[in-house]
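S.K.:
There are 2 protein chains.
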Amino acid sequence: MQISSRFTVALHIFSCVDTFGDEHKVTSDFLASSINTNPVIIRRILGQLKKAGLIEIARGTGGITPTRPLSEITFYDVYKAVDSIEDEKLFHFHENPNPECPVGRNIHNLLNDKLDAIQKAMEDEMRGYTIEDLHKGMESLLAKET
Amino acid sequence: MQISSRFTVALHIFSCVDTFGDEHKVTSDFLASSINTNPVIIRRILGQLKKAGLIEIARGTGGITPTRPLSEITFYDVYKAVDSIEDEKLFHFHENPNPECPVGRNIHNLLNDKLDAIQKAMEDEMRGYTIEDLHKGMESLLAKET
DNA sequence: AATAGAAGTAACCGTTGAAATTACAACAGA
DNA sequence: TCTGTTGTAATTTCAACGGTTACTTCTATT
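Protein chains in written order, with our numbering: chain L, 1 to 146; chain C, 1001 to 1146.
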């Protein structure tokens, strides 16, 4: 099972905004063309990023602005914004194990902190990468293109 | 998006085998009852664990045997066995970004190693927990039950 | 004030994967 | 041979994702 592409699409969006935002406006149509998807898909993801307080969106005229310095927006922030439901854990249990079975009634409690630790390890690594890292990496790649 | 319950179900199976395996045989029907699901679901997961070389299954008579010491079976082994497809990464990209867009043609390459590092952080943490840990933890919980 | 460009959003579709279920074939031990 | 159990195919239901159309709302510009 894979994490939905909304996450990588959101990072793609940030990269476009950082790279092109100064020269011309970055609209959902433009982004959809770069990513090769539908503008509505983009708008839905933009809506999630906005709802999470990561960007502001200018209506009518178009244009996307991060609300804080790029170095303060981590991959984790983006992930949480587009790819998680309130209180949803990464792992999930089969519902209603048999309480009459000793294992059944204890397994949830036994696994919980271990699974949380695994999820936390992933999220901590995510916190180690910022949109600024992404921006600099992209600049470096583009400089190499000739 | 969540990782499928096959992972926690597989851990539940191991816990049952460890806890009850000496006293009576642990069949797919018994496991299905403890987990509260269908025996066929169990058999399919058992098939994956067997295919991965983690257990052996006695046909006809029933009975599940781990193929190596419990301390040498990690959560990662179980996860890989039941919840991943050959060469499938945890994250995935939207297919075919626009090669005419500078960001579109570089984003994949730019993100790849970062996403791999995040996935690896999760998997490394998974390697830190073994079926033996699980077994001991369950014994401890059961001892506390009175 | 009217217009044009763009975001917001509802409604619907097709595809995919998970979980569940039924049914039956294959196998091993008594 | 009979019985219990695994192996597996076929089917169903459901939810989520990605895609698409169509329309409304908003804002800058003319």
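Positions of the beta carbon are idealized from the N, C-alpha and C atoms, including for glycine.
(1) Count the other CB atoms, across all protein chains shown, that sit within 10 Å of the CB of C/Thr1008; report buried if there are 16 or more and exposed otherwise.
(2) Let me see if you follow: with CB-CB separation under 7 Å, is L/Val9 close to chain C or not?
(3) Which class does L/Phe185 belong to by DSSP, given the choice of helix, strand or coil?
(4) Looking only at its own chain, which residues have a Cβ that is under 8 Å from the Cβ of C/Lys1080, when we skip the five neighbours before and after it?
(5) Measure from the alpha carbon of L/Ile107 to the alpha carbon of each residue in C/Cys1101, C/Asn1109, C/Leu1134, then state which is nearest.
(6) CA-CA distance, C/Ser1034 and L/Val17?
(7) Please list the residues of the stretch 1093-1104 of chain C that have a C-beta atom closer than 8 Å to any C-beta atom in chain L, keeping them in chain order.
(8) Alpha helix (DSSP H) containing L/Ile35: first to last residue?
(9) Between the alpha carbons of L/Leu110 and C/Asp1113, how many angstroms are there, rounded?
(10) Would L/Met126 be called buried (16 or more neighbouring beta carbons within 10 Å of its own) or exposed?
(11) Is there a C-beta anywhere in chain C that falls below 7 Å from the one on L/Tyr129?
(12) Return helix, strand or coil for C/Glu1056, following the three-state DSSP convention.
(13) Under the three-state reduction of DSSP, which class applies to C/Thr1008: helix, strand or coil?
(14) Taking the alpha carbon of L/Leu11 as the reference point, which residue from C/Ala1143, C/Ser1004, C/Thr1061, C/Gly1104 has its own alpha carbon closest?
(15) With a threshold of 7 Å between beta-carbons, can L/Glu132 be considered close to chain C, or not?
(16) For a cutoff of 7 Å on Cβ pairs, would you count C/Gln1048 as touching chain L?
(17) Comparing C-alpha positions only, which one of L/Ile85, L/Gln2, L/Phe14, L/Ser4 sits nearest to L/Glu132?
(18) Taking just the CA atoms, how far does C/Val1082 sit from L/Ile3?
(19) Let me know if C/Val1040 comes out buried or exposed under the rule of 16 or more other beta-carbons within 10 Å of its beta-carbon.
(20) Identify which residue in L/Glu145, L/Met138, L/Lys144 has its Cα closest to the Cα of L/Phe20.
(21) Against chain C, which members of the stretch 108-120 of chain L pass a CB distance test of less than 9 Å?
(22) With a 10 Å radius around its C-beta and 16 neighbouring C-beta atoms as the bar for buried, classify L/Ala58 as buried or exposed.
(23) Judging by CA-CA distance, which residue of C/Gly1128, C/Phe1030, C/Asp1077 is the nearest neighbour of C/Gln1048?
(24) Residues bridged to C/Ile1064 by DSSP?
(25) Could you give the residue range of the alpha helix (DSSP H) that holds C/Leu1070?
M.R.: Let me lay it out:
(1) buried
(2) yes
(3) Nothing can be reported for residue 185 of chain L: it is not among the residues displayed for chain L, which extend from 1 to 146.
(4) Ala1052
(5) C/Leu1134
(6) 52 Å
(7) Phe1093, His1094, Glu1095, Asn1096, Pro1097, Asn1098, Cys1101, Pro1102, Val1103, Gly1104
(8) 28-35
(9) 33 Å
(10) buried
(11) yes
(12) strand
(13) helix
(14) C/Gly1104
(15) no
(16) no
(17) L/Phe14
(18) 16 Å
(19) exposed
(20) L/Met138
(21) His108, Asn109, Leu110, Leu111, Lys114, Leu115, Ala117, Ile118, Gln119, Lys120
(22) exposed
(23) C/Asp1077
(24) C/Ile1057
(25) That residue, C/Leu1070, is in no alpha helix (DSSP H); it is neither H nor E in DSSP.
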